[in-house]
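Enquirer: Structure below; questions to follow.
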Amino acid sequence: MAYTLPELGYAYDALEPHFDAMTMEIHHSKHHQAYVNNANAALENLPEFASACPGELLTKLSQVPADKFTALRNNAGGHLNHSLFWKSLKKGTTLQGHLKEAIVRDFGSVEAFQAEFEKAAATRFGSGWAWLVLQADGKLAVVSTANQDSPIMGKEIAGCEGYPLLGLDVWEHAYYLKFQNRRPDYIKEFWHVVNWDFVAERFAKKAEHCNCSN
12 MAYTLPELGY AYDALEPHFD AMTMEIHHSK HHQAYVNNAN AALENLPEFA SACPGELLTK
72 LSQVPADKFT ALRNNAGGHL NHSLFWKSLK KGTTLQGHLK EAIVRDFGSV EAFQAEFEKA
132 AATRFGSGWA WLVLQADGKL AVVSTANQDS PIMGKEIAGC EGYPLLGLDV WEHAYYLKFQ
192 NRRPDYIKEF WHVVNWDFVA ERFAKKAEHC NCSN
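Pasting the structure below:
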């Protein structure tokens, strides 16, 4: 079962003026497609892993043959992270309901959560991601990962763990055409395009640690 590039479900210019159309097109059609292609190549002759969804595969990375480990960590990780990222973007939604209540409970306020998330995104050295995750104890936390690591890989590989509810890509390819080196400006614009409805859905089905459709 080969991985395929998911449709965005919206036009490349749908997030203007916050995220520009050219970056979205290159990011989706070039960068994400490359992760898909490279993951499929790494999965050739590995039928026991090729039949798994990306989320399931990434929770079993320790079982992957050593010569395929890095390729699958980077590329299956990139595929899963980006598939989640695209669905997390939409203008006009509002943080509300049980998710908002949980954020206030665990961070003190929405503003405190946003400040912590922005710090994680801004201080991630080099390429990586900032995440809002649901931990095993039922509490929300902000973490960050390097490169295309996902919190579902676990502490031993990714340095953190949890069920990803929301992720922000801070690789330069995600923002450099519009924001150049101004990563903090890109992070601020992110709040205008978070699809809080989608994040709330993930929070509601928090027990699922493998979601093939992301």
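Following our numbering, the residues of the sequence shown are numbered contiguously, the last one being 225.
Ideal placement from N, C-alpha and C gives every residue a C-beta, glycine not left out.
Going along the chain, which residues of its own chain have a beta-carbon closer than 6 Å to the beta-carbon of asparagine 51, five neighbours each way excluded?
Expert: The residues are Ala13, Tyr14.
Enquirer: As a quick exercise: from Ala22, Phe30, His42, Asp78, pick the residue whose alpha carbon is nearest that of leucine 16.
Expert: Closest by alpha carbon: His42.
Enquirer: Could you check the C-alpha separation between aspartate 180 and phenylalanine 96 for me, to the nearest Å?
Expert: Using only the alpha carbons, I get a separation of about 8 Å.
Enquirer: Decide if the segment 173 to 191 is in contact with the segment 136 to 144; the criterion is three or more beta carbon pairs, one per stretch, under 8 Å apart.
Expert: Yes, the segment 173 to 191 is in contact with the segment 136 to 144.
Enquirer: Are the segment 129 to 136 and the segment 92 to 109 in contact at 8 Å, needing three or more beta carbon pairs?
Expert: At 8 Å Cβ cutoff, the stretches do not touch.
Enquirer: Please determine, among Ala77, Arg84, Val154, Phe201, the residue with the shortest C-alpha to C-alpha distance to glutamate 67.
Expert: It is Arg84 whose Cα lies nearest to the Cα of glutamate 67.
Enquirer: Can you list, in chain order, the residues of its chain whose CB lies under 6 Å from that of cysteine 223, leaving out five sequence neighbours each side?
Expert: With a pLDDT of 41 at cysteine 223, under the threshold of 50, the predicted position of this residue should be treated as unreliable, though the coordinate-derived value follows. Hits under 6 Å: Cys64.
Enquirer: Alpha carbon to alpha carbon, what distance is there between threonine 81 and asparagine 192?
Expert: Each residue's alpha carbon lies about 28 Å from the other.
Enquirer: In the structure shown, what three-state DSSP assignment does serine 138 receive?
Expert: It is coil, neither helix nor strand.
Enquirer: On the DSSP bridge list, what partners appear for leucine 145?
Expert: Leu151, Tyr174, per the DSSP bridge assignment.
Enquirer: Run the CB neighbour count on proline 76, radius 10 Å, all protein chains shown included, and call it buried at 16 or more, exposed below.
Expert: The residue is exposed, with fewer than 16 neighbouring Cβ atoms inside 10 Å.
Enquirer: Under 8 Å by Cβ, that's how I've got leucine 177 and serine 99 pegged, so tell me the actual separation to the nearest angstrom.
Expert: Confirmed, about 6 Å.
Enquirer: Should asparagine 225 be labelled buried (16 or more other beta-carbon atoms within 10 Å of its own) or exposed?
Expert: Bear in mind that the predicted position of asparagine 225 carries a pLDDT of just 43, short of 50, making it too unreliable to give a figure here.
Enquirer: Do threonine 70 and asparagine 206 come within 9 Å of each other at the CB atom, strictly closer than that value?
Expert: Not a contact, by the Cβ cut-off of 9 Å.
Enquirer: Of the choices Phe209, Ser62, Glu183, whose alpha-carbon is the least far from that of asparagine 158?
Expert: Checked all of Phe209, Ser62, Glu183; the closest Cα to asparagine 158 is Glu183.
Enquirer: Out of curiosity, what's the CA-to-CA distance linking leucine 54 and lysine 101?
Expert: Computed Cα separation, rounded: 32 Å.
Enquirer: Going along the chain, which residues of its own chain have a beta-carbon closer than 7 Å to the beta-carbon of glutamate 212, five neighbours each way excluded?
Expert: The answer is none, since no qualifying residue turns up.
Enquirer: Locate the alpha helix (DSSP H) running through histidine 90, then write down its first and last residues.
Expert: Here the alpha helix (DSSP H) through histidine 90 covers 77 to 98.
Enquirer: Is it right to say valine 154 is buried, meaning 16 or more other beta carbons lie within 10 angstroms of its own, or is it exposed?
Expert: Valine 154 is buried by the Cβ-count criterion.
Enquirer: Look at phenylalanine 60 and glutamate 200 and say whether their C-beta atoms are less than 9 Å apart.
Expert: No, they are not a contact pair.
Enquirer: Label proline 162 either buried or exposed according to how many other C-beta atoms from any shown protein chain fall within 10 Å of its C-beta, with 16 as the threshold for buried.
Expert: Label assigned to proline 162: buried.
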